[in-house]
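Residue numbers 59 to 556, in our numbering, belong to the letters of the sequence shown in order.
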Amino acid sequence: MIVLPPFSLLPFTQQIAQKTSRSFFSSERALLLLSIATLALLSLTLAIYSKSLKYRTFTKVPQSEPSTTQTLFTQIISSPPGTLRLSHQNFSEHPNESRAAFPREPDDSASSNLCFPQIPVPTSVIESISDREQAIPEPRVALKLTLPEGISFEGSILPTENAPLSPSQLSSSFQGSLLYPDGTTIKGLFEKGELNGEGSVFYGDCQTEASGHFTNGNLVEGIASYADGEIIEGTFHNHKLNGFGKVAYKDGMIRKGLFADGMLEGKGEIIVPRHQSSTQSPHYLNGCFKADELISGEMVYADRTLTGTFKNHLLEGPGCTTTYGDDDIFLEGEFKAGMLEGLGQITYKRGPRLEGFFKQGELNGPATITYADQRTAQGFFIDGELNGIGRIELMDGAVHEGLFKNGALQGLGQITLPDGTFFAGSFEGGLLNGPGQIGSPTGQLKQGLFANGSLTSSESIALPEIPTLDLSRLAKEYLSTDSEEKSPFITLMILTNV
C-alpha cells in the first residue's frame, strides 16, 4: 500500500472547493465548507498513516524456493527385543513437499518393510528489522510406526547439529519406544539401532524389567526387576553384576557389596530375615567373599557368632572364634571344618575353662581344665577326659597324680590329702588295687596288698617311682611327635620310661 504524506492533499482540496463555490454556493458558504472538508481529510490521512506504521515493524525476508527436495525413506527392520537396526534407501523426488506425508503402503516386493518420507528441515526464518538474531530450534522429526509383524515404534529423530537429515543420522540417533506383540517394550535413546544412554526394557514374556544406562543395547548401570520379586541394582557387564551392587529377594534376603560375574567377590554382606534363619543357617554374613562364599569375616546365627576365616561356610584356620549367646560360651583357637582342631580354648561363662590341644572340638592331647570352684585337671586328655599322665587338684586341696583312665587314677599314682595323708601304689578305678602304701601325717606307714582301697595283707614292699606331671614337657613331646604317632599311649610310654 502507498501512503501519501498529509501536505500533498491540500491542492487537491482547494480545487474541489473552487469548483463547488462557483457551481452551488456563495463565497462565504464555500469557505466554510472548504474548511470542514480540509479538516476531515486531514484526520483520515493521519489515521491511515498511523495504521501503516504498525505493519512496517517486521518484513519477511525473501526466500529462495528449493529446486528439489530429495525425499528419504527409512526402512525399519525388526530384530529381537533390545535391538533395533535401521537401513535406508532413496525413493523419489517431491519438489514442493512442505510437510510429512503419511506412511506409504509397502509394495509386494518388500511386504515386511515399512517406508516413510523424511520431513524437510526449514531453511528460512523471520528476521527483525533491527537485525537481532532469533533462536533456531533444533529440528526434530516425530515418528509413529507399526510394522507388519505387530511391532510398533513411537518417538522422534534427533539429527546432528547444523546438518540436514539423512539416513545415517536416522540410523544412529533417535529417541522413542518399541512395543512388541508379546508386550515387550524398549524405550530410550537409540544409536546405531541399539539403546545407548538412559532407557528401559520390559520383557513381556517373563515380566522382567531393566532400566538405567545402556551401552550397545546392554544395561551397564541401573536396576533389573524380575517377576519373582528379585531386584538387582548396580553396575553390569555381560548381563551380570560387576562392581558394587545389591540384590534384594522377595523373601527379604539381601546381598550387597562388590560383585564379579554376578557373585560377591571382595567386601560384601548377606542379610537373611531372622524368621528364616535358625541354628543351622546364618542370618547375617559380613566380610570378604569369593565366588559368593564368605572366606573371612563374621557369620551370625540365631544362637552364635563366628569370626575368622571360613571354608565351605565353616570356620577354618587359626585365630577363629565362636561366641554362643551373650558370651555364655566362647571358643577360640585353630579350627577345622567348624570345630576346634589344634591349640585352642573354650570358656564357659558359668563353668570351666578348657585350654590345650583339641581334636574335633574335644580336648585331645596335653591340656588344662580350670573349674569355677578352682578345681583343676591337667595332663593328657582323650575325648575330653584325662587318659594318661595327669594331675587333679580338688577344691579342698587334695591332689591326685599319676596315670589316669577316663578321669580316674589307673596304674601307678598317688593321692595326697590336705592333712598330709597319702595313698600311693597301683590304682584301679581310683582305688588302690595291688601293692601300695598308706602314710599318715604322724609318719606311720602301712604297706602291703590292697583290694578296692582296703589293705588285705601287710608286707613290706618297694614301690616304683610315681610318675609326676610336667605339663610343659608333655606338650613339647606331643608337638614333636609325628601326627600319625600322636597316640596318648605312645606319649605315655615315652614319659613313663624317662
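Using N, Cα and C, we set each Cβ at its ideal position, and we do this for glycine too. None of these values were measured; they are calculated from a predicted model.
Item: Smallest Cα separation from glutamate 351: which of Asp361, Met321, Ala360, Val358?; Value: Met321
Item: Over what stretch of residues does the alpha helix (DSSP H) that includes glycine 529 continue unbroken?; Value: According to the sequence shown, residue 529 is leucine rather than glycine. That run of the alpha helix (DSSP H) goes 529-538.
Item: Assuming glycine 471 contacts leucine 489 under a Cβ cut-off of 8 Å, what Cβ separation, rounded to an integer in Å, is found between them?; Value: Not a contact, Cβ separation roughly 10 Å.
Item: Along the beta strand (DSSP E) that carries glutamine 468, what are the first and last residues, could you check?; Value: 466-474
Item: Could you say which of Ala533, Pro493, Ile524, Asp540 lies nearest to glutamate 517 if we only look at CA atoms?; Value: Pro493
Item: Report buried or exposed for methionine 621, applying the criterion of at least 16 other Cβ atoms within 10 angstroms of its Cβ.; Value: Nothing can be reported for residue 621, as the shown portion of the chain is limited to 59 through 556.
Item: Count the other CB atoms within 10 Å of the CB of glycine 241; is the residue buried (16 or more) or exposed (fewer)?; Value: exposed
Item: Measuring only the C-alpha atoms, how far is leucine 228 from leucine 253?; Value: For leucine 228, the pLDDT reaches just 44, beneath the cut-off of 50, and the residue's location in the model is therefore unreliable, although a value from the coordinates is still provided. If you take the alpha carbons of leucine 228 and leucine 253, they lie about 14 Å apart.
Item: Considering Cα atoms alone, identify which of His371, Gly414, Leu100 is closest to alanine 349.; Value: His371
Item: Over the uninterrupted beta strand (DSSP E) stretch that includes histidine 271, give me the two end residues.; Value: 266-273
Item: Would you say alanine 360 and histidine 341 are within 8 Å of each other, going by their C-beta atoms?; Value: yes
Item: CB-CB under 7 Å to glycine 377, same chain, minus the five flanking residues each way: which ones, in chain order?; Value: Gly366
Item: How long is the line joining the alpha carbons of asparagine 422 and glutamate 267, rounded to whole angstroms?; Value: 58 Å
Item: Within a Cβ cutoff of 6 Å, which residues of the same chain sit near tyrosine 406, ignoring the five residues on either side of it in sequence?; Value: Ile387
Item: Tell me where the beta strand (DSSP E) around proline 376 begins and ends.; Value: 375-382
Item: Does DSSP classify alanine 482 as helix, strand or coil?; Value: strand
Item: Return the first residue and the last residue of the beta strand (DSSP E) that serine 498 is part of.; Value: Here serine 498 belongs to no beta strand (DSSP E), and DSSP marks it neither H nor E.
Item: Using the beta-carbon count (16 or more within 10 Å), is arginine 559 buried or exposed?; Value: This structure gives no information on residue 559, because the portion of the chain shown stretches from 59 to 556.
Item: Measuring CB to CB, does lysine 304 end up less than 8 Å from lysine 314?; Value: yes
Item: If distances are taken between C-alpha atoms only, which option among Leu444, Arg411, Gln403, Gly448 comes closest to alanine 430?; Value: Arg411
Item: In terms of residues, what are the limits of the beta strand (DSSP E) holding asparagine 254?; Value: 252-261
Item: Tell me, to the nearest whole angstrom, how far the beta carbon of methionine 453 is from that of glycine 419; I am working on the premise that it is less than 8 Å.; Value: Incorrect: roughly 27 Å between the Cβ atoms, too far for contact.
Item: In whole angstroms, what separates the C-alpha of leucine 444 from that of aspartate 385?; Value: 27 Å
Item: Helix, strand or coil for serine 518? Go by DSSP, reduced to three states.; Value: coil
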